[in-house]
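Taking this note's numbering, the leading residue of the sequence shown gets 4, the next gets one more, and so forth. Glycine residues also receive a C-beta, built at the ideal position from the N, C-alpha and C atoms. What you are looking at is a predicted structure, and each value in this text was computed from that prediction instead of being measured.
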Amino acid sequence: MPCRYFLSLLLFISSWQMAMGQNSTIGTEFWVGFMENLEEDGSYSDVVLIITASEKTSGVIEYLGRSSSFDLNIGQQYEFRVNSGNLNLVHRTSGMVENKGIFIKATGKIAVHAFNEMFRTTDGTVVLPVGSLGKDYYITSHQEVSPFPSTLLVVASEDNTKIEITTTVNSVSGNQAGIPSIIVLNRGQSYQIKADKDLTGSRVRIVDDNENDCKKIAVFGGSMCTWVGDCEACDNLFQQAYPVSSWGKHFVHIALKDRTSGELVKVLASEDGTEVSLNGIPQGTIHKGQFLTINFRADESGKIETSKPSSVTVFSKGVGCNDYGIPELANFGDPFMITYSPIEQFLKDLVFNSFQMANISNHYVNIVVKAGTQHNTSLDGDNIGGFFEPLPGDTDFQIARIRVSGGVHHLTNPDGFAAYVYGFGFRESYGYAAGAALGNLDIDIQSEYEFEVIGDKVACLDQEGEWSISTSASDFTYFVWDFGDGSPSQTGQHTSHTFTRPGKYMISVTASTGSCEDGDESTFEVEVMNPEAELVGHTTVCPYIEEVMYRLVDKQDITETKFEAIGGEILESYVDSVLVRWGPTNPDAKLIMTPYTENGCPGRPVELEVKVDSDLQALRPIGPEEVCFDPGLAHTYSVEAHVQGRAYEWTVTGGKLVSGQGSHEIQVIWDQPGIQAGISYTVYGTENPSCVGISTEIPIKVAEPLANAQVTNVACASESSGTIELKLLGDHGPYTYEWQHDPNLDGPIAENLSAGFYSVTIRNQKGCSQVIKAIEVSETVPMIRMPTGFDSRQAPGIYEGVSHCTVSFELWIYDRWGTLVYYGDTGWDGRINGKEAPIGSYVYMVKYYYTLDKITQREEKRGTFVLVR
């Protein structure tokens, strides 16, 4: 199955999506399905999921009885891609129960985006985690071109899910407009409805008489392929519906950048008598399940407000409505749909992916923030406050339209924002919400304690909290609490609960009249923190005279602290340290620290027992215990938690104490390689010398040199065949190497060297370094070997010396009687005066010449050989 990993370069990411006390599009479990796309000429759409990790995680994607696993670190992405012609994951039927729900489960927090990709008909959507799913939906879709239908899709997250569907128009599979129909789906089952008209306003909800048996569903709306705004260019539409409980009343429309056609916006009502206005100007009144359309001109932005909770979705128009007077934009873009987040549901931090496709040339992000906070907005680490401008119709908000590159981006603003990602190319487009906060705006939940806490929905460890719920619906009388920590569910508008273990918990609160049909739910995450630390400092002190500083180490989740000294007086107090003057001799003195989280939750007190006495505690010296051999480097050693009014006498073995004797910090040079040295001290009170303590000696291991150099000399003059190989003497790799002759070489072997001198610096992972200078690579004296037998019929057909180097030579050949039969600077061919020489023994003398260290050298060699045939 084609799957790909992507590593984000945004290494500065600290958290990904934060909407405190609210649901968002970050989670660990997701359900998604894919509706029909326009597939022509034997081509099939690709089902694409992009998974982004907000923390280290592993997970699995389950589909059609198969699975695909992933392992990601923070900032990594995983792409899952299946062609629906190879594996039919796309819904093409209407009114039939299928098993095409796709389940994504991870051990850590992730975001999921889905894309229905086809050449010239692509759209995408952010996918909601299970915790953000609801029980009641109205979907938004679109339909202008026959015979291509609008679509609606439902995916069940649990078995025996009873669902009521009421379409606004007749479906192709027999649903009658306005008449509810009931279906029952099991976990992972899916159900698509297609209609030849617009399904916008169709309602999908859970119905069950037992409030405790309500299930959650994932619902999607869109179109197989449609024009938008009567503008030629057909494209697929794909958008996951948001639960009605997360709908709001205030929305910002930001015009799409580089589009000349303008946009179409649908406002969908969840209640009767919903009044709609644009920039304060009334646009009309709509009722439950009805929608109102607003056409925006090119580059026209504005604020949309409704009197009751609504959903607002923007549609990009086709190229047929572009301004052809601007040739470079004439065929730029295509339809897509994005459901807006209400300004009540802002995010603070997210990572989004600009979907990279072959036909998409330009990628954009539209952003809305509160006025005055725009300069707190950062995109990929860069402040983008200068890109913002006031929102027409409401200057309390600022908007920006920014072109970005394809791939991963990181957007932050601590005061909140909404963001929408889209891209255009030649008759191609995609668009989706970068992320969404999906808190229930109809429910208000509070927690209270006997002490004051900071913020809403605060959960403290080991502290009983009083939790309460209030809703906008006065007829709700039945309330069920699930605190997500494995404890039994509780009922009532007010309840108490104690979290006994730290961690993150999803709290779910359901308010109803006793059935699913009239219920509302809020699900949100709380983090129960365990503020703790270790309290360190001297536990034996001199009576009366000493002022001792104590510090916190290994601090976790601590924002504030309170200290109490039993047997002493606190002189100064900070969040992570305290200065104490101890009193008279006391074997039972102690220092107590109570930690508090950022929300004001107290942690378990930490105690440090202190003995006020004349026998001082001398802690181990602090400093490096394994050091590099470097006679030019001084190392620092000191006393832990030095107390004013104490003096120190140091003892150093195997090294030189170069400064600091008598003080709490000294400098030592370890000048002997490969030894076991040591260091200790005696502490005493300067005003009371009877207060004395002797520390233990810490062993110091001085390292050996890192490596030795082995040289293979140049084989022949003027060649570059020499080699230097560094033989490592330790196992503290990896090592780095800096060769003076080649800065790009980072390895223990330098090859293809000419004769000369070389230097290298070696470093290991412990920070030790060694410089080996003047490593000599020499030229080798070439040798010549004369054969003991010669047959002129065999190649090379001449008698001459053999050498691994190129040499020049003079050759003399004598017969057995001493007669010179050949002389020359090339080999003998076995002939005398043009005739074959007699077989037998011959004597040779050869003088050969070569260059060594740029000086010409001569060698002479004599011997006999046998001529044979």
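Nearest to residue i by alpha carbon, out of the options?
i: K776; options: I727, V247, L823; result: I727
i: V512; options: G388, G134, N362; result: G134
i: T564; options: V544, G586, R584, E537; result: E537
i: L41; options: N76, G98, T60, A236; result: A236
i: G681; options: H638, N767, V714; result: H638
i: V531; options: A514, M509, P546; result: M509
i: R84; options: D399, L295, L92; result: L92
i: F122; options: L574, G570, Q359; result: Q359
i: P590; options: G570, G384, T229; result: G570
i: P312; options: T809, Y245, A374; result: Y245
i: K614; options: S641, V551, I672, G323; result: V551
i: S205; options: D199, T229, S87, A180; result: A180
i: T585; options: E567, D579, T600; result: Residue 585 is actually Trp in this sequence, not Thr. Out of E567, D579, T600, E567 has the C-alpha closest to the C-alpha of W585.
i: Y194; options: T110, R95, I284, Q286; result: R95
i: K291; options: P330, D337, V270, T809; result: V270
Report buried or exposed for residue i, applying the criterion of at least 16 other Cβ atoms within 10 angstroms of its Cβ.
i: E39; result: buried
i: W820; result: exposed
i: M227; result: buried
i: Y852; result: exposed
i: I166; result: buried
i: T128; result: buried
i: P746; result: exposed
i: Y577; result: exposed
i: Q146; result: buried
i: I858; result: exposed
i: V411; result: buried
If I'm right that residue i touches residue j with Cβ under 8 Å, what's the distance once you round it to whole angstroms?
i: F218; j: T169; result: A small fix is needed here, since residue 218 is Lys in this sequence, not Phe. The pair is not a contact, with the Cβ atoms about 18 Å apart (cut-off 8 Å).
i: F482; j: I472; result: 6 Å
i: G792; j: V869; result: 5 Å
i: F391; j: V372; result: 7 Å
i: H256; j: F299; result: 6 Å
i: G736; j: E690; result: About 52 Å separates the two Cβ atoms, so there is no contact after all.
i: T685; j: D616; result: So it is not a contact: roughly 17 Å between Cβ atoms.
i: L117; j: L52; result: What sits at residue 117 in the sequence shown is Ala, not Leu. Right, their Cβ atoms sit about 6 Å apart.
Going along the chain, which residues of its own chain have a beta-carbon closer than 6 Å to the beta-carbon of residue i, five neighbours each way excluded?
i: L382; result: L414
i: E779; result: F760
i: T902; result: With the chain represented from 4 up to 872, any question about residue 902 goes unanswered, as that position is not in the structure.
i: L622; result: E643
i: R865; result: M848
i: N239; result: N40, N119, T124, D126, C228
i: E601; result: T562
i: Y826; result: W815
Here's a check: name, in chain order, each residue in its chain whose Cβ is nearer than 8 Å to the Cβ of residue i, leaving out the five neighbours to either side.
i: S723; result: V717, N755, L756, S757
i: L136; result: W34, S160, K219, I220, A221, P246
i: F400; result: V255, K306, I346, V371, V372, K373, A374, P393, L394
May I have the straight-line CA-CA distance separating residue i from residue j, to the nearest angstrom?
i: N533; j: V157; result: 41 Å
i: T501; j: E453; result: 13 Å
i: S203; j: E469; result: One point to set straight first is that residue 203 is Thr, not Ser, in the sequence displayed. Approximately 42 Å, taken between the alpha carbons.
i: G663; j: P624; result: 14 Å
i: V871; j: D794; result: 5 Å
i: I595; j: D560; result: 18 Å
i: K320; j: G104; result: 30 Å
i: Q493; j: W484; result: 5 Å
i: R607; j: E274; result: 49 Å
i: K260; j: A403; result: 10 Å
i: L67; j: T55; result: 23 Å
i: F254; j: F339; result: 19 Å
i: T1; j: T654; result: No information on residue 1 is available, as it lies outside the stretch 4 to 872 that the chain covers here.
i: E629; j: N711; result: 21 Å
i: E803; j: W831; result: 7 Å
i: T380; j: I29; result: 21 Å
i: V100; j: D211; result: 20 Å
i: V695; j: P634; result: 34 Å
i: S2; j: A109; result: For residue 2 there is no data in the structure shown, the boundaries of the chain being 4 and 872.
i: E863; j: L823; result: 17 Å
For residue i, which residues of its own chain have a beta-carbon under 7 Å away from its beta-carbon, when the five flanking residues on both sides are left out?
i: I669; result: Y640, W653, L660, S662, G663
i: T498; result: W470, W484
i: Q675; result: G657, V705
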